[in-house]
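Student:
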Amino acid sequence: MMFSTKSNNLLALEGKLTNAIILPQCRITYRSWRTNPESVINYIYSFADWSSGNLIVRSSSCNEDSSKHSLAGHFLSVLNVNGKRKLLDAIDAVFNSYSELDDSSELFIQPMLEKVKMSGVLFSKDPSNNAPYYVINFSHSNMTDAITSGCSNDQVCYIAKTFNHVTEPWKKRLVSLSQELEALFEHEALDIEFAIDSDDKLYLLQVRPLILNYGYTGLSSESHLKILKKLSVSVERFLRPHPYLNGKRSILGIMPDWNPAEIIGVRPRPLALSLYKELITDSTWAYQRNNYGYKQLRSFPLLLSLHGLPYIDVRVSFNSFIPKDIPNQLAEKLVDYYIDELEQAPEKHDKVEFDIIFSCYTLDIKERAKRLVKQGFTRAEVDNLLDSLGTLTNNIIKSDGLWSKDIDKVSALPHRRKKILESDLLIKDKIYWLLEDCKRYGTLPFAGLARAGFIAVQLLRSMVSTDIISEKDYHTFLSSIATVSSNLKDDFATLSLTGFLKKYGHLRPGTYDILSPRYDRAPEKYFDSSQQNLTIENDVASFSLSLEQLTKLKSLLESNGIEHDVISIFSFIKGAIEGREFAKFIFTQSLSDILELLRELGEEYNFSAEDMSYTDISTILDAYSSTEELKPRLETSILSGKTAYQNTLQISLPPLISKPEDVFSFTMPEGEPNFITQQKVSAHILINPSDSIDLSGKIIFVPSADPGFDWLFSHQIAGLITKYGGCNSHMAIRAGELNIPSVIGAGEVLYNKWLKGTVLEIDACNKKVTVIK
Numbered sequence: 001m002m003f004s005t006k007s008n009n010l011l012a013l014e015g016k017l018t019n020a021i022i023l024p025q026c027r028i029t030y031r032s033w034r035t036n037p038e039s040v041i042n043y044i045y046s047f048a049d050w051s052s053g054n055l056i057v058r059s060s061s062c063n064e065d066s067s068k069h070s071l072a073g074h075f076l077s078v079l080n081v082n083g084k085r086k087l088l089d090a091i092d093a094v095f096n097s098y099s100e101l102d103d104s105s106e107l108f109i110q111p112m113l114e115k116v117k118m119s120g121v122l123f124s125k126d127p128s129n130n131a132p133y134y135v136i137n138f139s140h141s142n143m144t145d146a147i148t149s150g151c152s153n154d155q156v157c158y159i160a161k162t163f164n165h166v167t168e169p170w171k172k173r174l175v176s177l178s179q180e181l182e183a184l185f186e187h188e189a190l191d192i193e194f195a196i197d198s199d200d201k202l203y204l205l206q207v208r209p210l211i212l213n214y215g216y217t218g219l220s221s222e223s224h225l226k227i228l229k230k231l232s233v234s235v236e237r238f239l240r241p242h243p244y245l246n247g248k249r250s251i252l253g254i255m256p257d258w259n260p261a262e263i264i265g266v267r268p269r270p271l272a273l274s275l276y277k278e279l280i281t282d283s284t285w286a287y288q289r290n291n292y293g294y295k296q297l298r299s300f301p302l303l304l305s306l307h308g309l310p311y312i313d314v315r316v317s318f319n320s321f322i323p324k325d326i327p328n329q330l331a332e333k334l335v336d337y338y339i340d341e342l343e344q345a346p347e348k349h350d351k352v353e354f355d356i357i358f359s360c361y362t363l364d365i366k367e368r369a370k371r372l373v374k375q376g377f378t379r380a381e382v383d384n385l386l387d388s389l390g391t392l393t394n395n396i397i398k399s400d401g402l403w404s405k406d407i408d409k410v411s412a413l414p415h416r417r418k419k420i421l422e423s424d425l426l427i428k429d430k431i432y433w434l435l436e437d438c439k440r441y442g443t444l445p446f447a448g449l450a451r452a453g454f455i456a457v458q459l460l461r462s463m464v465s466t467d468i469i470s471e472k473d474y475h476t477f478l479s480s481i482a483t484v485s486s487n488l489k490d491d492f493a494t495l496s497l498t499g500f501l502k503k504y505g506h507l508r509p510g511t512y513d514i515l516s517p518r519y520d521r522a523p524e525k526y527f528d529s530s531q532q533n534l535t536i537e538n539d540v541a542s543f544s545l546s547l548e549q550l551t552k553l554k555s556l557l558e559s560n561g562i563e564h565d566v567i568s569i570f571s572f573i574k575g576a577i578e579g580r581e582f583a584k585f586i587f588t589q590s591l592s593d594i595l596e597l598l599r600e601l602g603e604e605y606n607f608s609a610e611d612m613s614y615t616d617i618s619t620i621l622d623a624y625s626s627t628e629e630l631k632p633r634l635e636t637s638i639l640s641g642k643t644a645y646q647n648t649l650q651i652s653l654p655p656l657i658s659k660p661e662d663v664f665s666f667t668m669p670e671g672e673p674n675f676i677t678q679q680k681v682s683a684h685i686l687i688n689p690s691d692s693i694d695l696s697g698k699i700i701f702v703p704s705a706d707p708g709f710d711w712l713f714s715h716q717i718a719g720l721i722t723k724y725g726g727c728n729s730h731m732a733i734r735a736g737e738l739n740i741p742s743v744i745g746a747g748e749v750l751y752n753k754w755l756k757g758t759v760l761e762i763d764a765c766n767k768k769v770t771v772i773k
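Note that UniProt numbering has the sequence shown beginning at 1, numbered continuously upward.
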């Protein structure tokens, strides 16, 4: 079968499908409509017994659903049409939506499907990367266009095309329908609209070719299956009980603890991934957490690479938040409870330390700990945990505690970095020693200060929940703290560009990404020179406590066994938060210089920065103690990395993995943004676009993925972000066809957060959005 118009495709399938029903249709031409519309209306109602129910008037332009472009949502369809007058208006409206209209132009009318309980769209290839998945975007709604209209955020299910163990009946029927259509059209990549009614009857509403404008054709289903089988075996191994770990099972996640999804992205290049592991998640993280009074886990890597996709071993993470003096039996019970809680509330995977685990003592902990008793913990067990957390927290808060020593330690790094950079060492040896120093004097103290900073915020939040300070007081105090971000803003307005870049030039949006330019390499990309030398108004409100607040806080500290006075507590909170930001600023100087030296090393051997992004940092580190020539080893590493990364791009996994089968089939959590294409772009944002404004080169913000915004694609926009919409909405399809990096269905929180920027970077491949300005 060959693809034709929407109407012809459905007509050609009548009598051929065994897995779905096709609704009857009445097709009319523009010539007949132009000549005698009244006669056409009478013909439609005589065509079938449609006088009592609602109708849908659907476009069927010869310009849509072609093999080159779908023009999804470009032409109008009118739903729930009832009565001759409304039918006449609807037909006029649909024909008028055609960009090219002649006598042969057609549209068609069908009865509106009643009692719909689910509708959606199935792609028979992953539209974001051409990988062999069935991607089903579905809504439990009685609206047949709930998905394609892009006005709501719905669920997305991924099923590997080679997975033969789909258990849910409706999914099995959809997969069978897709396989049937793929065979009939002899086409692998299809866009299928469907609906299921209250009698569980499956209806095919539309089928068209899925337009995939990517240079890479994608893995074959067989090669894809081999990778997924290996992944499944690895996941099963990672989830097994371990003699040195508490917890009967584990979960793997992209956002808990050291949050790789936020820091390096979900598909980092091999260099970025290996640097992150080397500097933090292989051992540094555990060494410092143990120093701060938690369980010793120094032999356990926190981050696991699932064919290049970084996942946190959540069981290892949860073990690391158990105070070292907690009895093993209680530790086992706690870790199992934490994992159960996360599995039951997966939406908390990016805030486990706030909402699930107990990792420090706070002023509201007795109230929060009541849920432990409800879950079967004895009073003695809860008291044991709270006593241990109290001791641990008191030790950390001390003014001469480890956190203050960590600030001193990280302060030594700039001098050591300067000595290495000014030495006569070879480039590869400078990289080795910068990394060693960065671990010992950079990321190690930073890991400690990050823990102290978290405890500081937890303590401050607990003052809000215990009604000592208000939400406004909370934000006033935080805004009074001098951080790198606040200093950067002030310094940009007061320093010369040269002076500003001397201080902040090492920063880059992708901290571990060699392809992300430093500020001093591309200042025009990041900064607006017209904002320099401006007078800064210091409108930060001063923070102070009333006598009543002081008295109440003092009493609460004493009753909770906090061995520090009010001044000491606030000094710790301020110092820990500032220290965390300071440590990050300092260690990223070394990391940024390492990336620049790696760029130089590549040039020495005729490798581009793009090439170097595929190597593993261990290749360079191993060369320090080896007499082997580096270039051939580097070349092998780059080639291997490129091949592996090409396969990484073909793997889709859920944010949380709790069983090996999740590798083959999963449903994304509600509210997860949909990233379209594999592209990266940095550009100024534009809100409330209109035809009278120059949209070219801008990232456009619109509330929904409504096809009414299709006109945006007639402009040379750089990117698109919508608050609502799914991966199968018309706008998502069009963005994919045109290879425009987009975030569809960002949700209220992220949408509003990104709106505060003026320049954003969308990294669709890594599913990251960074506020550049």
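Built from N, CA and C at the ideal position, the CB exists for glycine as well.
1) Could you say if the stretch 242 to 256 and the stretch 309 to 316 meet the contact criterion of at least three C-beta pairs nearer than 8 Å?
2) Buried or exposed: which applies to E672, given that a residue is buried once 16 or more other Cβ atoms fall within 10 Å of its Cβ?
3) Can you give the Cα-Cα distance for G150 and F585, rounded to whole angstroms?
4) I need the boundaries of the alpha helix (DSSP H) containing R371, first residue and last residue.
5) Is the Cβ-Cβ distance between D191 and V116 less than 8 Å?
6) By Cβ distance below 8 Å, which residues in the same chain neighbour A576 in space, the five residues on each side in sequence not counted?
7) Is any beta-carbon of chain B found at less than 8 Å from that of R34?
8) Where does V681 sit, in a helix, a strand or coil, going by DSSP?
9) Let me know if T713 comes out buried or exposed under the rule of 16 or more other beta-carbons within 10 Å of its beta-carbon.
10) For the alpha helix (DSSP H) containing V566, name the first residue and the last one.
11) Kindly give me the distance between the Cβ atoms of S742 and I676, rounded to whole angstroms, as I take these residues to be in contact under 8 Å.
12) Let me know the secondary structure DSSP gives Q155 once reduced to three states.
13) Could you check what DSSP says for N137 in three-state terms: helix, strand or coil?
14) Comparing alpha-carbon positions, which option in Q458, Y276 and L177 lies nearest I21?
15) Is the distance from the Cβ of I41 to the Cβ of K84 below 8 Å?
16) For G390, tell me which candidate among G561, D406, S485 and R34 has the shortest Cα-Cα distance.
17) Taking the continuous beta strand (DSSP E) assigned at A195, which residues delimit it?
18) May I ask you to report which of helix, strand or coil DSSP gives C26?
19) Does the distance from the CB of E106 to the CB of S60 come in under 8 Å?
20) Is the beta carbon of I687 closer than 8 Å to that of K574?
21) DSSP state of V769, grouped into three classes?
22) A160 by DSSP, collapsed to three states: which one?
23) Let's see if you can read the secondary structure: which residues bound the alpha helix (DSSP H) around R289?
24) Leaving out five residues on either side along the sequence, give the residues of the same chain with a beta carbon under 8 Å from the beta carbon of S67.
25) Mind checking residue 832: buried by the 16 CB within 10 Å criterion, or exposed?
26) Excluding the five sequence neighbours on either side, which residues of its own chain have a C-beta within less than 6 Å of the C-beta of H564, listed in chain order?
27) To the nearest angstrom, how far is the alpha carbon of P689 from that of A93?
28) List the whole-angstrom C-beta distance separating L459 from T551, where the pair is believed to meet the contact cut-off of C-beta under 8 Å.
29) Please classify Q25 as buried or exposed, where buried requires at least 16 other C-beta atoms within 10 Å of its C-beta.
30) Please state if the CB of I109 and the CB of Y134 are separated by a distance shorter than 8 Å.
31) Can you look up G448 in the DSSP assignment and give me helix, strand or coil?
32) Straight-line CA distance for F500 to F582?
33) I want to know whether the stretch 434 to 442 touches the stretch 399 to 419 - three or more CB-CB distances under 8 Å.
34) Quick one: Cα of Q375 to Cα of P654, how far?
35) By DSSP's criteria, R208 is part of a beta bridge. Which residues make up the other side?
36) Exposed or buried, A345, counting other C-beta atoms within 10 Å across all chains shown (16 or more means buried)?
Tutor: A quick look at the data gives this:
1) Yes, the stretch 242 to 256 touches the stretch 309 to 316.
2) Looking at its Cβ environment, which holds 16 or more other Cβ atoms inside 10 Å, E672 is buried.
3) Low local confidence applies: a pLDDT of 47 at G150 is under 50, so the model's placement there is unreliable, with the coordinate-based value given in what follows. The straight-line gap from Cα to Cα measures roughly 41 Å.
4) Note, R371: alpha helix (DSSP H), K370 to K374.
5) No, the pair does not count as a contact, with Cβ atoms beyond the cut-off.
6) The answer, listed in chain order, is W403, L449, A452, G453, I455 and A456.
7) Judged by its chain identifiers, the structure shown contains no chain B, having just a single protein chain.
8) In the structure shown, V681 sits in a strand (DSSP, three-state: E or B).
9) Reading off the sequence shown, one finds Phe at residue 713, where the question assumed Thr. Under this definition F713 is a buried residue.
10) It spans V566 to E604 - the alpha helix (DSSP H) in which V566 sits, taken as one unbroken run.
11) S742 to I676, Cβ: 4 Å. Contact.
12) Looking at Q155 - three-state DSSP - the assignment turns out to be strand.
13) Here N137 sits in strand by DSSP.
14) Ranking the options by Cα distance to I21, first place goes to L177.
15) It is a contact, given that the beta carbons lie within the stated cut-off.
16) Of the candidates G561, D406, S485 and R34, the one whose C-alpha sits nearest the C-alpha of G390 is G561.
17) Annotation: the continuous beta strand (DSSP E) that includes A195 extends over L190 to D197.
18) Here C26 sits in strand by DSSP.
19) Closer than 8 Å, so yes.
20) For K574 and I687, no; Cβs fall outside 8 Å.
21) Secondary structure of V769 (DSSP, three-state): strand.
22) Reduced to three states, the DSSP call for A160 is strand.
23) First-last of the alpha helix (DSSP H) with R289: T284 to N291.
24) Here the model assigns S67 a pLDDT of 49, short of 50, so the residue's position is not dependable, and the following value carries that caveat. Within the same chain, S67 has close Cβ partners F3, P209 and I211.
25) Beyond the ends of the chain as shown, which are 1 and 773, falls residue 832; an answer cannot be given.
26) The answer, listed in chain order, is I397.
27) Their backbone Cα atoms lie some 24 Å apart in a straight line.
28) With a Cβ gap of about 18 Å, L459 and T551 do not count as contacting.
29) With 16 or more Cβ atoms within 10 Å of its Cβ, Q25 is classed as buried.
30) Taking C-beta atoms as the reference points, Y134 and I109 fail to come closer than 8 Å.
31) Three-state DSSP puts G448 in a helix.
32) C-alpha of F500 to C-alpha of F582: approximately 17 Å in a straight line.
33) In the pairwise beta carbon analysis, the stretch 434 to 442 is classified as touching the stretch 399 to 419: at least three pairs are separated by under 8 Å.
34) The alpha-carbon atoms of Q375 and P654 are separated by roughly 28 Å.
35) Bridge partners of R208: D191.
36) Here A345 is exposed. Its C-beta has fewer than 16 other C-beta atoms within 10 Å.
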